[in-house]
Amino acid sequence: MARSRTNPAPSTSTVQQVTDLLENYASRGIFRGFSRGAATASRASYKIVWHRSQEFELIFDVRKASLRMPSVLPAVGPAMFEHLSSWIAEQQSAETLEHRRIDSAKARVECAMRGKDAALTVTAVDGDVEYAVRKLIHLVHEIYLSFLHDGRYYDYLIETFNLDPDFVQFS
Amino acid sequence: MAENLKPADNSKKSESSRRKFFAVPAAVGAVAASVIKPGAMFAAPTMPTISIPKEIPGTLGETAKVGTFEGKGMTGAEVFAKLCKEEELAAMFCCPGNYTVINAIAAAGVPAYGGRTEGAMCAAADGFSRVTGEATACSGTEGPGFTHMIMNIASASAARTPLLVLASNMQIAGDDREAFIQTGYQQPITTGMKKYGKRLIAPDRVWEYGAYAFRNMKSGVPGPVHLDFPGEVARARFTDPSTLKDFYNKSKYRSESRPHPSNKDVERAADMISKAERPIIVAGQGVFQRKAWEALKQIAEKQDIAVVTSGPTRGHFPDDHKLSAALAPNALMSADLVVFIGQYSMPSPGEYRFSPEIKAVRVHPVQEDLGRNWPLDLGIVSDEAAFLEALANKINAKRRDKWVDELAAARAANEKQNLDHYALGLKHSQATDHLHPAVMAKEVHDFLYKGDVDPKAIVTGSGGWTTGLFAGRWLRANRPGQGIVCAYQYGAIGPDMAMMIGASAAVQQGVGPQAPYKGAPALVVTSDAGIAYSMFELDTASKYKIPIIAVIYNNNSWGMWPSALASARSMHMYLFQENLRYDKMAEGLGARGEYVRTPEQMREALKRAYKSATTEMASTLINVQALKEFTSGKDYPPGIALNAEPGVGAFAH
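Sequence order for the protein chains is V and A. For the first sequence, my numbering gives the first residue as 33, with consecutive numbering after it. For the second sequence, my numbering gives the first residue as 14, with consecutive numbering after it.
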C-alpha cells in the first residue's frame with residue numbers, strides 16, 4: 033500500500049528524528065551498542081548491537097518513510113518463516129490489545145526472506161515516522177523475548193545462537 | 014526435631030521399602046538355592062535392617078551447654094559458638110572436620126545437622142536460609158571439605174544468602190611450610206563469592222570477627238561470610254572476658270537502623286506510579302528478607318499494581334493473587350512502569366520481558382548499586398520495608414480495571430498453553446510408555462494444589478535443565494517462602510535435593526514463615542543429572558527424619574544432549590546408562606523408592622510418599638522414567654520452551 037497522498041512526505045529532518053529516537057533506546061540500555069552509519073538526504077543507516085549480542089543493520093529510507101532490517105532472524109526455514117509471518121500478522125490484528133497493536137492505518141509491516149534470513153520493513157503510511165520506529169523496535173524485541181521462547185525453537189536457538197545453560201541469554 | 018527421633022528397634026522389620034530392598038538378596042538366595050544340591054545349602058544369613066543408631070536421638074536430646082569463663086574457661090571455638098547462639102544462628106549443616114568449632118556450636122544449642130558431603134551440607138544451609146530469611150552456617154574441614162563446598166558457596170553468593178561458611182585451617186604455626194595436612198589459603202578461593210571473609214589469626218579477636226560476620230550477614234544486602242579457623246584460634250583458652258577484644262553484645266557491634274527514603278523520593282515514586290496506566294512491581298529477595306510482604310500486598314491492592322516476584326525465593330507475593338503477573342507472561346510487555354524493590358541481582362534491559370519503552374524506578378538499600386545494569390528514571394536508597402510503608406501512606410487508592418482484566422486474560426492464556434503442552438505430553442507418554450516432563454510436572458502440580466493436601470503447606474524447589482524448565486511452570490508459591498529457585502542465577506545443577514532437605518529442616522523446626530506448616534514435607538523436582546550431586550543426603554534426611562519427596566526425572570542423559578548432535582565423537586559424554594534405578598539407590602540409603610512410567614503410577618506414588626512423609630517422617634525418591642528424546646521439539650512437540658523472566662519458572666535475576 034502506497035503512502036497516502038494527503039500526508040506530507042517526511043523531510044530530511046526526519047533522519048535526525050529517527051537518529052534521536054534510536055539513540056534514546058541506546059542511552060536507556062535497550063541496545064547494547066549503537067552507531068550511525070553513512071547518511072544522505074534520502075537514506076540513513078544504523079548499526080545496533082542488541083539481542084543475543086547480534087549486530088542488526090537498520091536502514092531508513094526517507095522518501096519511502098520506511099525502516100528496514102535486512103536480517104532480523106538468521107537461518108530461518110520455511111516453516112519458521114510461515115509461523116513468524118502469522119505471528120507478525122497477529123500483532124496487527126484487532127484481537128491484540130490496543131496498546132500493543134500495530135495500527136495498520138499508521139504503519140505497514142512486511143516480513144520477507146532475504147537469502148536465509150528473515151527481513152522486516154515497517155513503513156510509516158501516515159508519515160508518523162516515530163510511530164514506525166517504535167513499533168519496529170517493539171516488534172524485534174518481542175520476536176526475541178516471546179516468539180523465540182516457544183518450545184519449537186529450542187533446537188534453532190542451539191543451532192543458531194549456541195544456546196546452552198552455560199551461555200543462557202534470555203534476549 | 015529431637016522428639017521425632019526414637020532409638021532404633023532392630024528387632025522389627027518396619028517399612029515396606031526397606032523390606033523390598035532387602036528382598037533382593039533374599040531372591041538371589043532363592044535362585045541360588047535352586048541350583049545347589051539338597052543338603053549342601055546353608056540357611057541364608059539374616060540381613061540387619063537399616064536403622065538409626067540410638068546415639069543420634071540420644072545426643073540430640075541432650076541439654077545445650079554454652080561455654081563459660083569458669084574453671085577451665087572457654088575455647089576460642091566456644092567463644093565463637095556463644096556469639097552464634099546469641100545471634101540466633103538458625104542452623105548449621107556440616108560434615109565432621111573443623112571439629113572444635115562444630116562441636117562447640119552444636120553444644121551451644123544451635124540446631125546442627127551432619128551429612129555426607131560438605132558441598133551438599135552447604136546447599137542445605139542455603140536452602141534453610143532461602144525459605145526463612147535467617148542466617149545459617151555450613152562447615153567443613155580444611156582443604157578437601159572446604160573446597161568441596163565451593164560450588165554451593167558460589168550459588169549462595171549469587172542468591173545473596175546470609176550464609177556463614179566455616180572451615181578449619183590448620184595452624185598459623187604451619188603456614189607456608191607445607192605441613193601435613195590439607196593446608197591451603199582459603200580466603201583467596203572465595204574471592205568474588207562472599208560479602209566478607211577472614212582467616213582468624215589473633216585468638217583474642219575471635220569474638221570481634223564473629224561480630225564482623227554477623228554484622229555483614231544481617232546488614233544491607235546479605236551474602237556469604239567466610240571465616241577460617243586455625244587451631245591456635247579454635248583451641249585458645251579464655252578464663253577472663255577481659256582477654257577478649259571488643260567483647261560486647263550485638264546491640265553495640267551492629268545496628269538495626271535501616272535507610273529510609275526521603276519524602277521527595279517517595280512523592281516522586283507515588284506520582285510516577287499514579288500516572289502509569291499499567292505499573293508493575295518486581296518484588297525481589299529484599300522484600301522477603303525484610304519480611305515486607307504485607308506492605309507490598311497493601312500497596313498493590315490500593316492501586317491495582319501488578320506484582321511479580323524475583324530472586325531465589327518465591328511466594329512473598331502469592332501466585333494466585335489477581336494482581337500477580339507471575340503466571341501472566343504475556344502481560345509483562347504491556348507494563349509502562351516497573352518498580353524494582355529489593356532486586357539484589359539486577360538484569361539488563363532485554364533480559365526481562367518488558368517493553369523497550371518502560372520507565373524504571375529502583376529501590377535498593379545500597380546507593381552504589383543504583384543504576385547498575387538497568388538505566389533508571391528514579392533511584393531511591395531505602396530499606397525495602399521502609400519504602401513500602403512510606404509509599405503506602407503516600408499513594409491514593411486507584412482502580413485499574415483494564416490492567417486487572419489484561420492480567421487475568423494473560424493468566425488464562427498461560428494456563429491454556431500449559432494445558433496444551435500437557436495434552437501433547439500425555440499423548441507422547443501414552444505412545445511411548447514413558448513419562449513426558451509436562452505430564453510429570455502437571456501431576457506434581459495437581460497433587461500439591463488440587464488434591465487433599467493444603468496447597469500452601471509444601472515447600473517446593475526444582476532443578477535440572479529440562480526438568481527445571483517444565484517443573485518451574487507448574488510449581489506455585491502462594492505464601493512467603495513456599496518456593497525456592499534452586500538453580501537461581503548461578504545455574505548450578507545438583508544442589509537441588511540437598512537445598513530442599515535444608516528447606517524441609519526449616520519447616521520441621523517451624524522457623525519464620527514456615528511456622529504454620531511445621532511438619533509438612535518439602536518436595537523437589539530435579540533431574541537424573543542433578544541428583545548425582547546430593548543423592549547420598551537421603552541418608553541425612555532419613556537419619557534426622559527430615560521428610561523430602563524427591564521427584565527425579567530420569568531421561569538417561571544430561572539435559573543439554575542436543576548440543577552434541579552436530580559434533581563428532583561427542584554424544585557419549587552426554588549420556589548415562591539407560592534405565593538406572595535411582596529408586597533402588599534411595600532404598601539402600603534408608604529412604605523409600607518409587608518407580609513410575611505412567612500418570613496413574615505417578616499419582617499413586619505421590620500419595621504414598623506424602624503419607625509416609627507425614628506419618629513416618631520418611632523420605633521418598635520417585636524415579637520418573639522418561640526418554641531423552643522428549644527434549645526435541647521436532648520429534649516430540651512442544652519441546653523445551655524457555656520461560657519468561659520474571660515469573661514462574663524464571664531462574665535468573
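Beta carbons are placed, not taken as given, at the ideal position from N, Cα and C, and that holds for glycine.
Quick check: what's the CA-CA separation for residue i versus residue j?
i         : j         : result
His441(A) : Ala344(A) : 30 Å
Gln495(A) : Lys469(A) : 7 Å
Glu162(V) : Leu619(A) : 56 Å
Ala398(A) : Tyr209(A) : 25 Å
Lys455(A) : Leu437(A) : 12 Å
Gln124(V) : Arg133(V) : 5 Å
Val351(A) : Phe367(A) : 9 Å
Gly61(V)  : Cys107(A) : 44 Å
Val300(A) : Pro388(A) : 21 Å
Thr8(A)   : His329(A) : This structure cannot settle anything about residue 8(A), because the visible part of chain A is limited to 14 through 666.
Ala107(V) : Thr628(A) : 57 Å
Ile562(A) : Glu91(A)  : 36 Å
Ala282(A) : Leu336(A) : 19 Å
Glu100(A) : Ala150(A) : 12 Å
Tyr435(A) : Gly236(A) : 39 Å
Glu290(A) : Pro362(A) : 20 Å
Ala120(A) : Val79(A)  : 7 Å
Met60(A)  : Arg594(A) : 22 Å
Trp574(A) : Leu177(V) : 24 Å
Lys95(A)  : Ala249(A) : 15 Å
Ala422(A) : Arg413(A) : 14 Å
Val246(A) : Gly187(A) : 13 Å
Asp253(A) : Asn386(A) : 51 Å
Gly140(A) : Tyr78(V)  : 48 Å
Classify residue i as buried or exposed, calling it buried when 16 or more other Cβ atoms lie within 10 Å of its own Cβ.
i         : result
Gln298(A) : buried
Glu600(A) : buried
Ala373(A) : buried
Asp278(A) : buried
Ala46(A)  : Confidence is the limiting factor: at Ala46(A) the pLDDT is only 39, short of 50, which leaves the residue's position unreliable, though a coordinate-based value still follows. Looking at its Cβ environment, which holds fewer than 16 other Cβ atoms inside 10 Å, Ala46(A) is exposed.
Ser136(V) : exposed
Pro58(A)  : exposed
Leu578(A) : exposed
Thr155(V) : buried
Glu114(V) : exposed
Phe193(A) : exposed
Pro124(A) : buried
Met586(A) : exposed
Starting from the C-beta of residue i, find all residues in its chain whose C-beta is less than 8 Å away, skip the five residues before and the five after it, and write them out in chain order.
i         : result
Ser268(A) : Ser232
Pro102(V) : Glu89, Ile91, Arg146, Asp149, Ala151
Gln527(A) : Val144, Thr145, Val472, Gly494, Ala519, Val520
Gly646(A) : Gly652, Ile653
For residue i, which residues from the same chain have a beta carbon less than 7 Å from its beta carbon, with the 5 sequence-adjacent residues on both sides left out?
i         : result
Leu602(A) : Phe549, Leu551, Asp552, Ser555
Asp332(A) : Ala339, Leu340, Arg489, Ala490, Asn491, Val661
Ser395(A) : Pro272, His273, Pro274, Val376, Pro378
Phe589(A) : Asp541, Asn569, Ser570
Ser152(A) : Met105, Cys107, Asn111, Val114, Ile115, Leu179, Ala180
Ile471(A) : Leu461, Ala533, Pro534, Ala535, Leu536
Taking 6 Å as the limit between beta carbons, can you name the residues of its chain near residue i, skipping five residues before and five after?
i         : result
Ala410(A) : Lys315
Phe353(A) : Val295, Arg375
Cys97(A)  : Ile118, Val123
- Take every Cβ of the stretch 440-449 of chain A, pair it with every Cβ of the stretch 606-613 of chain A, and state whether three or more of those distances are shorter than 8 Å. Enough Cβ pairs lie closer than 8 Å, so yes.
- Contact between the stretch 493-510 of chain A and the stretch 474-482 of chain A (3+ Cβ pairs under 8 Å): With the cut-off at 8 Å, the stretch 493-510 of chain A and the stretch 474-482 of chain A touch.
- Message: Three Cβ pairs or more, each shorter than 8 Å: is that satisfied between the stretch 129-136 of chain A and the stretch 151-166 of chain A?
- Response: With the rule of 3 Cβ pairs closer than 8 Å, the stretch 129-136 of chain A counts as touching the stretch 151-166 of chain A.
- Task: Count the C-beta pairs between the stretch 173-183 of chain V and the stretch 633-644 of chain A that are closer than 8 Å, then say yes if the count reaches three, no if not.
- Result: Segments in contact, no.
- Message: Measuring CB atoms only, is the stretch 164-182 of chain A touching the stretch 235-242 of chain A, in the sense that at least three cross pairs come out at less than 8 Å?
- Response: Cβ pair count under 8 Å is three or more, so yes.
- Task: Give a yes or no on contact between the stretch 328-345 of chain A and the stretch 648-660 of chain A, applying the rule of three or more CB pairs nearer than 8 Å.
- Result: Yes: the two stretches touch, three or more of their Cβ pairs being nearer than 8 Å.
- Task: Report yes or no: do the stretch 244-260 of chain A and the stretch 212-221 of chain A share at least 3 C-beta pairs separated by less than 8 Å?
- Result: Verdict: yes, contact present.
- Give a yes or no on contact between the stretch 351-361 of chain A and the stretch 516-536 of chain A, applying the rule of three or more CB pairs nearer than 8 Å. Output reads no: the stretch 516-536 of chain A does not touch the stretch 351-361 of chain A.
- Item | alpha helix (DSSP H) segments (min. 4 residues) lying fully within the stretch 100-186 of chain A | Inside the stretch 100-186 of chain A, DSSP marks whole alpha helix (DSSP H) runs of 4 or more residues at positions 112-120, 131-145, 157-161, 163-171, from first to last along the chain.
- Task: Answer yes if the stretch 519-532 of chain A comes into contact with the stretch 563-575 of chain A, meaning at least three C-beta pairs across the two stretches below 8 Å, and no otherwise.
- Result: Contact fails: fewer than three Cβ-Cβ distances are below 8 Å.
- Can you give, in chain order, each stretch of the alpha helix (DSSP H) that sits fully within the stretch 129-188 of chain V and has at least 4 residues? Segments of the alpha helix (DSSP H) lying fully in the stretch 129-188 of chain V: 161-177.
- Please go through the stretch 472-554 of chain A and give each complete beta strand (DSSP E) segment of 3 or more residues, from N-terminal end onward. Runs found: 472-475, 496-498, 535-540.
- Please list the segments of the alpha helix (DSSP H) lying wholly inside the stretch 298-352 of chain A, counting only runs of 4 or more residues, in order along the chain. Segments of the alpha helix (DSSP H) lying fully in the stretch 298-352 of chain A: 298-302, 306-316, 342-345.
- Message: Please give the ranges of any beta strand (DSSP E) in the stretch 68-103 of chain V, keeping only runs that are unbroken, at least 3 residues long and fully inside the region.
- Response: Entirely contained in the stretch 68-103 of chain V, the beta strand (DSSP E) runs reaching 3 residues are, in chain order, 75-81, 87-93.
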